[in-house]
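Per this note's numbering, residue 5 is the first one in the sequence shown, and the count goes up by one each step.
Idealized CB from N, CA, C, for every residue including glycine.
Report on the following structure.
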Amino acid sequence: MNLIGKTIGNRYEILEEAGNGGMATVYKAKDYVLNRYVAVKVLKDEYTTDSDFIKRFNTEAQSAAGLSHPNIVSIYDVGHEEKNNLYYIVMELVKGKTLKEIIKKDGIISWKWTVNIAMQIASALEEAHKNGIVHRDIKPHNIIITEDGIAKVTDFGIAKAVSNSTITAFGTTIGSVHYFSPEQAKGTVTDAKSDLYSLGVVMYEMLTGKVPFDADTPVSVALKHMQEEAKEPIELNSDIPLAINQIVVKAMKKDPSERYGTATEMLKDLAKALKDPDGDFVIIENKDGQYTRVMNAVKSEQNNANKKQNIFQRNPKLKGWAFFLGLIVLFFIVFFITKIALDGGINKKVSIPNFENMTLEEAQTQITSLDLKAEITEAASSTVEEGKIISQTPEEGEKLKKGETIKIVVSKGPETTELPSFIGKKISEARDMALNIGITLNEELQDSTTVEEGYVIGQATNEGELVKSGDTVTIYVSSGAKKTKVPYVIGMDEGTANATLVNASLKANITYVSDEEKENGKVISQSKEANEEVAEGTTIDITVNKIEEKQKTVKLRFIIPTIASVQTQNTTDDKNATTNNNTSGSSIIVKVNGAIKINGKSVKVGEDVDCGTITGSGKQKIEVTLTQNGTTKAITDEINIDDYEDGGTYYINDR
C-alpha cells in the first residue's frame with residue numbers, strides 16, 4: 005500500500021519512505037498536532053493477518069515506550085487503523101546515519117571512537133536491562149549515529165521482557181545471524197548477557213571492518229558462533245590497544261558465565277580503557293578444571309576395615325579412647341580450616357581500599373601498611389587534580405596476597421597540546437581530531453556561499469595555541485548558502501519579474517522567444533518552481549515572450565487641393581471667359597512621424613504627388629503643410645500600416 009501523502013491517526017501526514025526492514029516500513033511524517041517531524045513504523049501488509057507478528061509488533065511499542073534514555077530512540081505513540089488494517093508506532097525522528105553505513109563508508113573506525121560509541125550503546129542496554137528488557141537484536145543496522153555524534157539504539161522489534169521463558173524457538177530465530185550469541189543460535193535461553201555478546205561483535209566489526217564469523221548461509225554462520233573461536237581483533241588490526249582487545253574477547257565468550265555479568269561492568273572497563281588503553285586490567289575467567297574428579301577406590305580398604313574391626317572387638321576400651329581422640333583432632337582441623345578461610349587462605353589476603361582521588365603519598369603509605377607493592381604510572385587527566393590517583397587495579401573490595409602488586413595511575417594534570425587547524429575539514433574528521441587530543445568542540449553553524457555544507461570554515465582559537473585536555477574550542481561549520489524561496493513570476497512583464505527576483509536575493513537570466521499564441525512582453529516560463537528553496541544568489545532562467553513586429557512598406561500620395569482664392573475675368577461673352585489658376589508660389593512640405601519626406605516641392609492644384617514611402621508597423625502620423633498664393637494650410641492625417649498590404653498605396657486625406 006502506498007501511504008505517501010496520506011494521513012494516519014488523523015494527525016500524521018506520511019511524507020516519504022525513510023527505511024525498510026524485515027517486518028515493517030519506516031516513514032518520515034509530520035505530526036500536525038504537535039507541529040514536529042516524526043518517524044512512523046508501519047507493519048507490512050503480509051504480516052497484518054499474522055497474530056504472532058502483531059503481538060511481537062505491539063510488544064516492541066510496549067517494551068520501548070517505557071524507556072527514557074538519551075541513547076534510546078523515544079516512542080511517542082502506537083496505534084491501529086482499522087480502515088486500512090494498519091499497525092503503526094510513532095517514534096522520535098533521528099537525523100543521522102546507521103552505524104552500518106558508517107562502517108561501510110569508513111571501514112575501520114578508530115579505537116577511541118569505537119569505545120565512545122560502545123559506551124553509549126552499553127549505557128542504553130544498562131537502562132533497558134534494569135527495566136527487564138532484552139533487546140536481542142543489537143547490530144550496527146539498529147544503531148543510528150546523529151550529526152552530533154550521539155549513538156541511538158532503535159528497533160526493539162524483537163525485545164522481550166526477561167523471564168524464565170525467554171527462549172527463541174529453533175527455526176524461528178529473529179535477528180541478524182552475524183551478531184547472534186551462541187545461545188540465540190542454539191535456540192536456548194537468552195538474557196542480558198546475549199546483548200553484551202552482540203555488542204562485542206559490533207565492536208569487533210568497528211575495530212576490524214569485518215564481522216568475526218561469515219559464511220555462505222545463515223546456518224553456517226550460526227554454527228560458527230556455537231563451535232568456532234573468532235580471531236582476536238588485534239590479529240586483524242595491530243593498532244588496537246590491549247585493553248580494548250580484551251574487552252571484545254571477554255564480551256564474545258561462548259559461555260555466558262565467562263562474559264561480563266552486566267552492562268554496568270562492561271561500561272566500567274570501557275571507561276578504564278579510555279584512560280589506560282594498554283592496561284592489563286580486564287579479568288577473563290576460564291572455568292576449565294573446576295569439575296570434581298572421581299578417584300578409584302583402594303583395593304585393600306575393605307581388608308583394613310576388617311582388621312580395625314577385629315582390634316576394636318578385642319579391646320572395647322580402646323574403641324572409646326579412639327572416638328574421643330577423633331573428636332579432638334576433628335575440632336582442630338575445623339578450627340584451622342575456618343581460620344585459614346577467614347584470613348584469605350594459607351597465604352593471607354588483604355582487602356583493597358579505595359585509593360582514587362588520594363594523593364600518591366597517602367596511597368603509598370596505605371599500600372606499604374598492607375604489605376603490598378605499588379606499580380605507578382602517570383596519565384593526563386582533565387578531571388583529576390595533578391598528583392592524585394585516577395584509577396587502581398584491582399578495584400576497591402577485591403583481595404590480594406601480601407607482597408603482590410597493585411597498579412596505580414596518577415594524574416599529571418590536563419595534557420597540553422598545540423591546537424591543530426580544523427579549517428577545511430569535514431565535521432566528522434574534526435570531531436575525531438578533537439577526540440584524539442581530548443578536547444570538546446562547540447559547533448556553530450554559519451551560512452556560506454563558498455564552502456560546502458558540513459565543512460569547517462573557521463575556529464575561535466587559532467591554530468598552534470596551547471590547549472588542555474578537557475578544554476572547549478568553538479568552531480564554525482558551514483551550513484551552506486543562506487536559503488530563499490523562489491517567487492512565481494510567470495505572467496509578469498520583464499521588468500517586474502526581474503525586480504521580484506532581485507528582491508528575493510536571486511538573479512535573473514532572461515531569454516526571449518516569439519510565440520503569437522501567448523501574450524506579448526510577458527514571462528512564460530521559469531527554471532525553478534515557485535516556493536522551491538535555493539541558495540541566495542542563485543540565477544533563475546526566465547523566458548519572455550517577445551513577438552517580432554512585421555515590417556511593411558506603404559506608398560504615400562497626395563492630390564493637391566485648392567486652398568487659395570481664384571481670380572476670374574468675365575466678359576459678356578461666356579465663350580471668352582477665362583479663369584486664372586495661377587499656381588506660381590505653390591509648394592508642399594510632408595512629414596511622417598516628424599521626419600521630412602518632401603521639403604517645399606512646387607506643385608499644382610489637382611496634381612497627384614508622390615510623397616515617398618513608409619516602412620514599419622502600427623500607426624504613423626502624417627503632417628502636410630500646403631502653401632498657395634501666400635495662403636498656408638496645415639493638414640494632419642494618421643495611417644495604421646498593419647491595415648494595408650505590403651507595397652500598397654495610401655492617399656493622404658485632406659481634413
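The shortest CA-to-CA distance from proline 237 to any of Glu209, Ile106, Ile564, Gly13 is the one to Glu209. If you ignore the 5 residues before and after glutamate 611, its C-beta comes within less than 8 angstroms of the C-beta of Ile563, Ile564, all in its own chain and listed in chain order.
In the structure shown, the three-state DSSP call for glycine 83 is strand.
One alpha carbon belongs to phenylalanine 359, the other to glutamate 365, and they sit about 11 angstroms apart. By the Cβ criterion, the segment 76-88 is not in contact with the segment 133-144, since fewer than three pairs of Cβ atoms, one from each stretch, lie closer than 8 angstroms. Check the Cα spacing between glutamate 379 and each of Glu400, Asn39, Lys411: the tightest is with Lys411.
Linking leucine 470 to threonine 420 through their CA atoms gives a straight-line distance of about 6 angstroms. The beta carbon of leucine 445 lies closer than 7 angstroms to those of Ala434, Arg435, Ala438, Val477, Ile479 in the same chain, with the five residues before and after it left out. Counting the other Cβ atoms within 10 Å of the Cβ of leucine 449 gives fewer than 16, which makes it exposed.
When only Cα atoms are considered, glutamate 390 and serine 473 end up about 13 angstroms apart. In terms of Cβ geometry, valine 286 and isoleucine 244 do not form a close pair [threshold 8 angstroms]. In this structure, isoleucine 125 sits near valine 157, with a CB-CB distance shorter than 8 angstroms.
Membership of arginine 561 in any alpha helix (DSSP H) is not indicated; the residue belongs instead to the beta strand (DSSP E) covering 556-563. Counting of Cβ neighbours within 10 angstroms places arginine 263 among the buried residues, the total reaching 16 or more. Within the same chain, Val119, Ala122, Met123, Ala126, Ile251 come within 8 angstroms of leucine 274 by CB-CB distance, once the 5 residues on both sides are set aside. Burial of serine 482 is indicated by the presence of at least 16 other C-beta atoms within 10 angstroms of its C-beta.
When DSSP states are grouped into helix, strand and coil, glycine 204 belongs to the helix group.
DSSP places tyrosine 480 in the strand class (E or B) of the three-state scheme. Sequence-distant partners of proline 424 (beyond 5 residues in either direction) whose C-beta falls short of 8 angstroms from its own C-beta, in its chain, are Met437, Ile441, Glu467. The beta strand (DSSP E) runs lying completely inside the segment 12-80 and spanning 3 residues or more are 16-24, 28-35, 40-47, given in chain order.
Between lysine 430 and valine 354, the C-beta gap is not smaller than 8 angstroms, which leaves the two residues out of contact.
Taking the Cα of threonine 102 as reference, the smallest distance to any Cα among Leu90, Ser261, Ile147 is reached at Ile147.
Sequence-distant partners of leucine 271 (beyond 5 residues in either direction) whose C-beta falls short of 7 angstroms from its own C-beta, in its chain, are Met123, Ala126, Ser127, Glu130.
By alpha-carbon distance to tyrosine 183, the top candidate from Ala155, Asp152, Thr150, Leu227 is Leu227.
Counting the other Cβ atoms within 10 Å of the Cβ of glutamine 530 gives 16 or more, which makes it buried.
Look at tyrosine 183 here: in three-state DSSP terms it is helix. Secondary structure of aspartate 280 (DSSP, three-state): coil. For valine 517, the secondary structure class from DSSP, reduced to helix, strand or coil, is strand.
With at least 16 other beta carbons inside 10 angstroms of its own, methionine 256 counts as buried. Bridge pairing for aspartate 497: Lys526 [DSSP]. In chain order, Glu236, Pro237, Ile238 place their CB closer than 7 angstroms to the CB of asparagine 249, counting only its own chain and leaving out the 5 sequence neighbours on each side.
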